[in-house]
Structures are given as C-alpha cells and as structure tokens.
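For the sequence shown, this note's numbering gives the first residue as 10, with consecutive numbering after it. All C-beta atoms in this analysis are idealised placements derived from N, C-alpha and C, irrespective of residue type, glycine included. Being a predicted model, the structure only gives us computed values, none of them experimental. Heads up: the structure comes next, in structure tokens.
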Amino acid sequence: MIGVVGAGVTGARIVDQLCAAKEDEVLLFDHQSPVAQRIASFRRDETTRVRVVDAEALTSAPVVILACSAPHAVLARELLEAGVSVVSLSDDVTDVLQLLELNQVAILERQTLIVGAASSPGMSGLLLRHLGASFDSIDEVHVALHGTGGPDCARQHHRALGGQSIGWHDGEWIRRPAGSGRELCWFPAPIGAYDCYRAEVPDPMLLKRAAPELSRVTARVSATRRDRFTARMPMLAPPHSEGGMGGLRIEVRGQRDGARHVSIAGVAERVAQVAGVVAATTAQAISSGLIDTSGAFVLGESALPNEKLLDSVLDAGVRLHEFVGV
C-alpha cells in the first residue's frame with residue numbers, strides 16, 4: 010500500500026506507474042476530492058485498487074508520496090511522526106532546506122524521507138551517480154532542464170526565473186540573479202538546443218549533498234525572452250494543463266585514466282512522466298525494503314541503491330540517452 014498526496018498531472022502519472030507495477034493498493038488524497046475521484050474511476054479495471062481517502066487515512070500506508078504543490082515540510086513532519094516514510098517531489102529551495110532539516114525526526118521515528126524525487130531534482134541525482142561510476146574522480150556537474158509538468162510546476166518555473174540562483178564554486182556557495190548566464194544546451198532528440206539560464210532551483214544543493222567531492226555545481230532551465238522579462242510579474246496567462254516534451258541534461262566532468270574526461274547524458278520525455286516514474290519507483294523501493302535506512306536522503310547519495318533505482322526507472326520506459334562523440 011502506498012499513499013499519494015496530489016491528484017494533478019504528476020500525481021496521476023504516479024498512480025499510473027503504481028498500477029503498472031501492480032501495487033496492491035493506492036491511497037489517493039487531494040483537497041479537490043472530485044479530481045481524485047475521477048483519477049480513481051479511470052483505473053477501476055486495474056489490478057491495483059485506487060482508493061480516494063481523507064488526510065488521516067494516509068497514516069495507514071507505510072510510505073506516502075507528496076506530489077502536491079509546495080510546501081511539503083509541515084506535512085512531511087506529521088507523516089514521519091505518525092510512523093510513515095515520505096517521498097517528496099518538492100523543487101522549492103526553501104521547502105527543500107526545511108525537508109532536509111527533518112533528518113533527526115526521520116531517524117528518531119525510524120523512517121525514511123527522500124527529498125527531491127522528481128525529474129530535476131531526482132533523476133538528475135541518479136544520472137550523476139550512474140555517470141560518476143565510470144570516472145576515477147569527479148569534480149564538476151552541470152544540469153539543465155527543459156519543460157514543465159502540470160500547472161504547479163509551471164508556476165514554480167516562473168518563480169524560479171525571478172529569484173536568486175544558487176551554485177557551488179570552488180568551496181563556496183555563490184548567488185547570481187536568476188535569468189542570467191545564458192548557455193546554449195543540447196538536449197536529446199527530438200528536443201534539440203535551447204537557451205538555458207540560471208534559476209532558483211535546489212539541484213546544486215542536492216547534487217552537492219549526493220557527491221560532496223564536487224567542486225563546481227550549476228543548474229539551469231530553458232526559457233524564452235518573454236519568460237525572463239515577465240519572471241518578476243504575475244503570470245500573464247493561466248499555466249497549461251501539461252507541458253509538451255521535456256528534457257533533462259547532465260554533464261559530469263572529472264578524471265579518467267589520468268586524463269580530463271566529460272560525460273553527458275539525458276532523457277527526453279514529458280517532465281511529469283519522468284517525475285512520476287522516479288517518485289513511484291522510489292516509494293516502492295522503501296515499501297519493499299530495498300531502501301531501509303532511516304533519515305533524510307537525496308537520490309544519488311551513496312547510502313541509497315541508486316543503480317537499482319535507475320534500472321527500475323529505465324525498465325518503466327524512461328529512455329536514457331548518452332552523448333557519444335568529440
């Protein structure tokens with residue numbers, strides 16, 4: 010049994026993945042009950058039983074996925090104190106920091122809290138660990154994300170371009186205005202190249218936590234001129250129900266066989282689909298006992314079975330692209 014909070018685009022993808030993996034039962038909660046009921050009704054013929062519940066019933070599940078809009082920290086604490094492990098998809102910087110501060114709560118309650126188990130952050134941490142295994146040592150990682158999931162994701166993307174970006178550079182955290190630092194990034198086909206800019210996203214903090222040896226970590230998101238111009242204003246139009254094809258690109262640099270080496274990998278898929286598969290796979294790993302360590306973790310940390318998690322994500326249909334060339 011796995012609980013899911015949030016019946017939006019990403020929440021629906023999570024339920025789809027849990028049904029495809031033949032989970033026995035899914036407890037679905039959303040403040041808009043009719044939306045949750047509609048998702049459950051579409052899956053009545055599935056082997057998995059999808060049941061719409063109230064918030065209190067979530068405590069009967071051993072693990073709950075938070076796929077609602079941020080903040081998640083307060084709800085995560087309540088669930089941990091009720092003896093429930095938590096998988097959070099939050100990509101809000103402040104919220105992520107507060108979630109990581111729940112480490113001692115999770116240890117005391119002997120539960121697991123996974124922070125940032127989405128596309129970026131989340132899949133980016135798994136790819137960092139996957140690419141890093143082929144190096145003698147790594148010292149740089151640079152991430153770029155194209156596209157958004159549902160409306161909440163689009164709003165967060167809008168806010169991220171209007172804040173302050175965070176990066177790790179030679180032993181210190183640096184801040185730069187979001188929307189600056191244009192870089193042309195090539196994503197896997199059929200996406201191609203997009204201009205990407207610094208943004209207020211938590212990836213640098215989480216990747217640095219996953220690989221403390223890194224000396225430089227940056228993260229960018231794709232944006233148009235209008236995105237950057239309106240980032241500090243309210244959204245001019247309602248966000249779309251779900252974005253089109255998205256992409257994740259990660260570049261890892263380090264030493265291999267005594268020489269400088271660079272590896273680049275990525276995925277081309279709808280952002281909500283990748284996030285849903287990563288979150289569902291992580292929750293099932295906790296439920297099955299594959300992840301049984303107490304505390305707060307991020308994907309890519311050495312304490313987690315990252316290669317097995319990545320294999321499960323790829324088995325679910327997410328395709329990994331690796332750059333081969335000069």
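Contact annotation, LEU308 with HIS139: C-beta distance approximately 11 Å; criterion of less than 8 Å not satisfied. By the criterion of a C-beta distance shorter than 8 Å, ARG86 is surrounded in its chain by LEU111, VAL114, once the five residues flanking it on both sides are discounted. Of the other Cβ atoms in all chains shown, 16 or more fall within 10 Å of the Cβ of GLU209; this residue is therefore buried. Put simply, the backbone Cα of ILE183 is about 13 Å away from that of PRO211. In this chain, the beta strand (DSSP E) harbouring CYS205 covers 201-207. Of the residues assessed, VAL93 falls on the buried side of the cut-off, its CB having 16 or more other CB atoms within 10 angstroms. In the three-state DSSP reduction, ARG234 falls in the helix class (H, G or I). The alpha carbon of ILE273 has as its nearest neighbour, out of ALA292, LEU329, ASP236, ASP301, the alpha carbon of LEU329.
Looking at the DSSP output, ARG60 bridges to LEU36.
Annotation: VAL102 to VAL230 spans about 15 Å, alpha carbon to alpha carbon. Only residues of its own chain outside the window of five on either side were considered, and among them VAL13, ALA76 have a CB closer than 6 Å to the CB of GLY20, listed in chain order.
If you check the CB distance, SER50 and MET10 do not come in under 9 Å. At a Cβ-Cβ threshold of 9 Å, VAL61 and ILE74 do not count as neighbours. Here CYS194 is bridged, per DSSP, to TYR203. Selection CYS205, GLU222, ALA294 evaluated against PHE144 yields GLU222 as nearest (Cα-Cα).
For the 9 Å CB-CB criterion, ALA277 and ALA198 form a contact. The distance from the Cβ of ALA325 to that of GLN26 is about 6 Å, consistent with a contact at the 8 Å cut-off. Under the three-state reduction of DSSP output, HIS81 falls in the coil class, being neither helix nor strand. By the beta-carbon neighbour count (other beta carbons within 10 angstroms, threshold 16), LYS31 is exposed. Collapsing the DSSP output to three states places MET242 in coil. With fewer than three CB-CB distances shorter than 8 Å, the stretch 167-174 does not count as touching the stretch 147-156. Inter-residue distance for VAL261 and GLY141 is about 7 Å (C-alpha atoms, whole angstroms). Taking C-beta separations shorter than 8 Å and ignoring five residues to either side along the sequence, the partners of LEU135 in its chain run VAL287, LEU308, GLY309, ASN315, LEU318, LEU319, VAL322, following chain order.
Of the residues assessed, SER174 falls on the buried side of the cut-off, its CB having 16 or more other CB atoms within 10 angstroms. Following the DSSP letters along the chain, one finds GLY20 inside the alpha helix (DSSP H) bounded by residues 18-29. PHE196 is a Cβ neighbour of LEU257, given a cutoff of 9 Å. In the three-state reduction of the DSSP assignment, VAL102 falls in the helix class. Burial state of ALA268 is exposed, judged by a 10 Å Cβ sphere holding fewer than 16 other Cβ atoms. When DSSP states are grouped into helix, strand and coil, GLN120 belongs to the coil group.
Non-local C-beta neighbours of GLY304 in its own chain, meaning closer than 6 Å and more than five positions away in sequence, comprise ASN112, ALA115, ILE116, ordered along the chain.
Distance from the CA of GLN264 to the CA of VAL333, rounded to the nearest whole angstrom, comes to 17 Å.
About 6 Å separates the beta carbons of TYR206 and ARG191, which is inside the 8 Å limit, making them a contact pair. Excluding residues up to 5 positions away in sequence, CYS28, VAL59 lie with their Cβ nearer than 6 Å to the Cβ of ARG52 in the same chain.
For ASP148, the enclosing beta strand (DSSP E) covers residues 146-155. Here HIS330 is bridged, per DSSP, to GLY275.
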